[in-house]
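Report on the structure given below.
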Amino acid sequence: MVLKNLHLTLRNVYTKSVTRLYPEEIMDLPDAFRGQQHLDKEKCVGCGICSQICPNDVIEIVKSGKWYPQFDNGHCMFCGLCVEFCPNGALSMTKHFELASWTREGTIYSPDQLAAPNKAELEGRTGGYKK
Amino acid sequence: MTHKATQITSPTKPSEILLHLGPQHPLQPGPFLLDLKIEGETIKEAELKIGYIHKGMEKVFEDRTYIQILPLADRICYLASNSNNDVYCRGVEELLGIEPTERAKYLRVITNELCRIQSHLLGIGEYTTDVGFLTMFLYMIREREGVVSLLEAITGSRLNHNYARFGGVANDLPPGYKEMALKTLGELKKLVKSHDEMMSSDSIYLSRTKGVGVLTAKQAGELGVAGPPLRASGVEYDLRRMEPYLVYNELDFKVITQTDGDVFSRVKVRLLEILESIYIIEQCLDQIPSGPYKQDVMPYITRPKSGEVYSRIEDPRGEMGMYIISDGSDKPYRFRIRGPAFATAQALPPLLIGSYVADVAAIAASMDSCTSEVDR
Amino acid sequence: MGVIDIIMDSLVFIFAGNPFAPWIRGILGGLVIGGVFGGALVMVYLERKFLGDIQSRIGPNRVGGRFGLLQLIADAIKLFTKEDIIPARADKWLFIGAPIVALTSGFLMVAVLPFDLLVIKGNEYAIAVSRMDISILYLEAVSGLAVFGLFMAGWGSGSKYSMLAGFRNIAKMIGYEVPLGVSIISVAVMAHSLDIVEIVEAQSSIWFIIAQPLGFVIFGIALLADLGRIPFDQTEAEEELIAGWATEYSGMRWGLAFFAEYFHAVVGALIVSLIFLGGWNGLPIIGNLGLPGVIWVLFKTIMVIMIFIWIRGALPRLRIDQVSDLGWKVLLPLALLNLVWATIIGLMWA
């Protein structure tokens, strides 16, 4: 009657809980994960294809030495089209996803910030993809 | 007899109350307004008003190129996002006159079925909170985590996958995927069978769900309802069997039906469909051929020839269709979405008349409508 | 033995021998009620943690160390800082009075519950706020007051959802007061007395749960219905009625209403452990094991609370007409049957 329910729920008390204690424990992210983009300044030619293909008009090509893309993280939906259609492969996606900022201006990433070494990898907060 | 949407009248007797299960309510998956006129505990009239989350997607799509629509089409219904993506890609591929590669077809079937599993798990979980069975909701969410991790390993994102491309897919399977998938799905099979047993034998649950909210096959046909609610009324209607797309004509699977058409049958159909989807994925992982997973050249501006196309897919909630008119330029001329949740939501007021207020939640949740898709 | 004699003599002097004794007993009574209050706090904490175990998650674990022991204090502070809103269409005095009435009926019930029985120099002293000859009858009478509290909240809030919840509440509680009363009377018949202390003393050889298993089940179900816990919490069902009778309450007023429910649950668990599980008599054959009776009462109460929480985690919710069906058509005949059984056993036992 209702006894099966009671039995199964009691059995579940002895299984381990599935809560992950974030932010102390970080999850294992797969290699295909779409996080913050990373710009390789050597390969970028400033063609503007990434800006044309973005559905949300997030990318703007600005002059900082040569012409490079600038990202507005507040509107980006991390779909990955810019990375896929870049002809030289200058853009790649990293596993960095903790992108909150205190100001509106802080969400706009200039080309130098995009080219900087990835903060998440520096702090050792990327997980590996477990097979 | 057709069901006309009737305007609800004000209460005439002092024993009648007009109750608004209003736009902000803990029960709902999204905002809609359900007006009920109740007398005691029975419902006399019901009216459903939608439009609180209308985003104007069809108009927005007229201003984006075909490739830019790909990630946005996912978000029509964010819980079953892979099927939205797939039906759009197939429509444009028909306009372009190309076929996806063999390997890409199998990969699309795998992600479609994984998406169906996680959507059904969440749908059943939301339904059990409305019956008061809070523990089952958390068990479903726990099971869903494994499936969503499998999707994340292929596509890179848990919810809005943006996986299909014209003529192929975006990523290939990562190494070691088959073992991980078979292990997770094997555990999921055991757990789903145990939950099925728990729900079928609990007498409180059965007394709340058997005989409640019966939708006959005739009513479902008149209202345009498809998917699990239709199959629970005994009609064997599944687009994967009737008009096979991708590689479904080479796979072996059953179409799950039940005969009663009440709330219990609808939930049972979803549970059993999870097991069928696991079987389909196992076959695909066995049969998948090697080869390219996308076309050689992918232009970033596509100009299909002018014409129109209507493509359909078996969404976890019903039948989803997209009607695209192209006039030769890089943006569509007209984009029309036929959402399955629209039909299941409009089936709600006729079902509610004559039942108790306490059953509203169970019936509404068993139809599993996603308000974002109703309003678009 | 001399030291214990002196301690016992001084205790008797403090509580019965001097002219200020009634005041001292009054303060002690307040402490007992405060103790049950603390028990209710413990129950809220236990519920959050144990329910998390059933549901594969951990409960509070950030405030106050790894086990979240101070979480309740943090919640209480938060509730104190919220704005106190009284809806414009609400009946002000009913709205304000409802949580007070609910909590007060709980306090009144604690007044007769004994925690131990000490025999000093041939006199019996019960550790209770007050010991009456008819304490079971008093308990039954006062438990009916709780219905008033909930209905005042339902009607006085001035919103349709609360009113519907109030109606459901009345229907449910009226239906379950009778089986509750009849099963308590069956226990009193078997113990040949209406005094709770004597009912517990009658269980020194065998617990009443073994002598009247049907009575225990009926009492348990009726108690769950009176407390408004799952599977009987239609009045707080989140889906149709948002939060039922507590919809319009916010801030510490809501905290008081919410707390009154848990207080009732602890009192109900205490009653179960006293009249069915043997109270301070230890285990059935093994006996007292040397521990004082209060520890046994607390231990059994905590076990009963855990069972309440377990039932909450495992079962869905009944519909209101099924609740009424269960109360009137199933439980009432069974309770009367149990009364007949108890009378027969009671006669044979005497």
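Residue numbers (the numbering used here), protein chains in the order written: chain A, 1 to 131; chain B, 1001 to 1376; chain C, 2001 to 2350.
All C-beta atoms, glycine included, are put in the ideal place defined by N, C-alpha and C.
How would you list, in chain order, the residues of chain B whose beta-carbon sits under 7 Å from the beta-carbon of residue i?
| i | result |
| --- | --- |
| ASN5 (chain A) | MET1198 and ASP1202 |
| GLU84 (chain A) | ALA1170 |
| SER2250 (chain C) | Result: empty, since nearest Cβ-Cβ is about 16 Å, beyond 7 Å. |
Taking Cβ positions, are residue i and residue j nearer each other than 7 Å?
| i | j | result |
| --- | --- | --- |
| GLN2055 (chain C) | LEU1138 (chain B) | yes |
| GLU60 (chain A) | GLN70 (chain A) | yes |
| ILE2127 (chain C) | LEU2194 (chain C) | no |
| LEU1018 (chain B) | LEU1034 (chain B) | no |
| LEU2180 (chain C) | ALA2141 (chain C) | no |
| CYS47 (chain A) | ALA90 (chain A) | no |
| GLN2212 (chain C) | ALA2342 (chain C) | yes |
| LEU2079 (chain C) | GLY2255 (chain C) | yes |
| GLY2279 (chain C) | VAL2200 (chain C) | yes |
| VAL2294 (chain C) | ASP2116 (chain C) | yes |
| ASP1262 (chain B) | VAL1297 (chain B) | no |
Between the Cα of residue i and those of the options, spot the shortest distance and give me the residue it belongs to.
| i | options | result |
| --- | --- | --- |
| ALA1217 (chain B) | B:LEU1230, B:TYR1205, B:LYS1210 and B:PRO1014 | B:LEU1230 |
| ARG1090 (chain B) | B:ALA1345, B:TYR1323, B:SER1306 and B:LYS1331 | B:TYR1323 |
| GLU1222 (chain B) | B:ALA1343, B:ILE1038, B:ARG1266 and B:THR1209 | B:ALA1343 |
| ARG1108 (chain B) | B:SER1081, B:PHE1133 and B:GLY1186 | B:SER1081 |
| HIS96 (chain A) | A:THR103, A:LEU114, A:SER64 and A:CYS86 | A:LEU114 |
| ASN2338 (chain C) | C:GLY2327, C:GLY2251, C:PHE2216 and C:ALA2269 | C:PHE2216 |
| SER2157 (chain C) | C:ILE2085, C:ARG2066 and C:PRO2231 | C:ILE2085 |
| GLU2261 (chain C) | C:PHE2208, C:ILE2275 and C:PHE2107 | C:PHE2107 |
| ALA1347 (chain B) | B:ILE1337, B:SER1366 and B:VAL1357 | B:SER1366 |
| ASP2321 (chain C) | B:TYR1205, B:GLU1152 and B:GLU1041 | B:GLU1041 |
| GLY2149 (chain C) | C:GLY2279, C:SER2105 and C:ILE2209 | C:SER2105 |
| GLN1258 (chain B) | B:GLU1314, B:ARG1270, B:THR1129 and B:HIS1195 | B:ARG1270 |
| ARG1303 (chain B) | B:GLY1176, B:ALA1362, B:LEU1096 and B:ARG1075 | B:LEU1096 |
| GLY74 (chain A) | A:PRO30, A:ARG34 and A:TYR109 | A:TYR109 |
| ILE2027 (chain C) | C:LEU2094, C:LEU2164, C:SER2130 and C:VAL2101 | C:SER2130 |
Using DSSP bridges, identify the partner residues of residue i.
| i | result |
| --- | --- |
| LEU1033 (chain B) | B:LYS1049 |
| VAL2119 (chain C) | C:GLU2124 |
| ARG1312 (chain B) | B:GLY1321 |
| VAL1401 (chain B) | The shown model of chain B, from 1001 to 1376, leaves out residue 1401 (chain B), and the question about it has no answer. |
| LEU1021 (chain B) | B:LEU1034 |
| ILE1337 (chain B) | B:MET1322 |
Classify residue i: buried if its beta carbon has 16 or more other beta carbons within 10 angstroms, exposed otherwise.
| i | result |
| --- | --- |
| VAL2340 (chain C) | exposed |
| SER1015 (chain B) | exposed |
| ASN1084 (chain B) | buried |
| MET1199 (chain B) | buried |
| TYR1310 (chain B) | exposed |
| PRO2099 (chain C) | buried |
| THR1111 (chain B) | buried |
| SER2205 (chain C) | exposed |
| SER1329 (chain B) | exposed |
| TRP2245 (chain C) | buried |
| ASP112 (chain A) | exposed |
| LYS2172 (chain C) | buried |
| ASN1171 (chain B) | buried |
| LYS130 (chain A) | Below a pLDDT of 50, predicted positions are generally treated as unreliable, and LYS130 (chain A), at 34, falls in that range; the measurement from the model is reported next regardless. Result: exposed. |
| PHE2299 (chain C) | exposed |
| GLN1287 (chain B) | exposed |
| THR1002 (chain B) | With a pLDDT of 47 at THR1002 (chain B), under the threshold of 50, the predicted position of this residue should be treated as unreliable, though the coordinate-derived value follows. Exposed. |
| MET1136 (chain B) | buried |
Interface residues of chain B around residue i at Cβ under 9 Å?
| i | result |
| --- | --- |
| ASP2321 (chain C) | GLU1041, TYR1356 and ALA1358 |
| ALA90 (chain A) | Going along chain B, no residue has its Cβ under 9 Å from ALA90 (chain A), so there is no contact; the nearest lies around 15 Å. |
Mind listing the chain C neighbours of residue i? Cutoff is C-beta to C-beta under 8 Å, in chain order.
| i | result |
| --- | --- |
| LEU1138 (chain B) | GLN2055, SER2056 and ARG2057 |
Can you pull the chain A neighbours of residue i, defined as C-beta to C-beta under 7 Å?
| i | result |
| --- | --- |
| PRO1071 (chain B) | PRO55, MET77, CYS79 and LEU81 |
What in chain C is Cβ-close to residue i, meaning under 9 Å?
| i | result |
| --- | --- |
| ARG1208 (chain B) | PRO2316, ARG2317, LEU2318, ARG2319 and GLN2322 |
| SER17 (chain A) | GLY2052, ASP2053, GLN2055, SER2056, ARG2057 and ILE2058 |
Residues of chain C with CB under 7 Å from residue i, in chain order?
| i | result |
| --- | --- |
| VAL2 (chain A) | LEU2315 |
| THR1135 (chain B) | ILE2054, GLN2055, GLY2313 and ALA2314 |
| TYR1205 (chain B) | PRO2316 |
| ARG1142 (chain B) | SER2056 |
Could you check if residue i belongs to the surroundings of the ligand ADP, using beta carbon to heavy atom distance under 6 Å?
| i | result |
| --- | --- |
| LEU2072 (chain C) | Questions concerning the ligand ADP fall outside what the structure shown contains, since it holds no ligand whatsoever. |
Residue i touches chain A at which residues, Cβ-Cβ below 8 Å?
| i | result |
| --- | --- |
| TYR1300 (chain B) | ILE49, GLN52, ILE53 and PHE85 |
Who are the neighbours of residue i on chain A, taking C-beta pairs under 9 Å?
| i | result |
| --- | --- |
| SER1157 (chain B) | ALA32, PHE33, ARG34, PHE78, CYS79 and GLY80 |
Which residues, taken in chain order from the segment 92 to 120 of chain A, show a beta carbon closer than 7 Å to some beta carbon of chain F? Included in the structure are the protein chains A, B and C, with no chain F among them.
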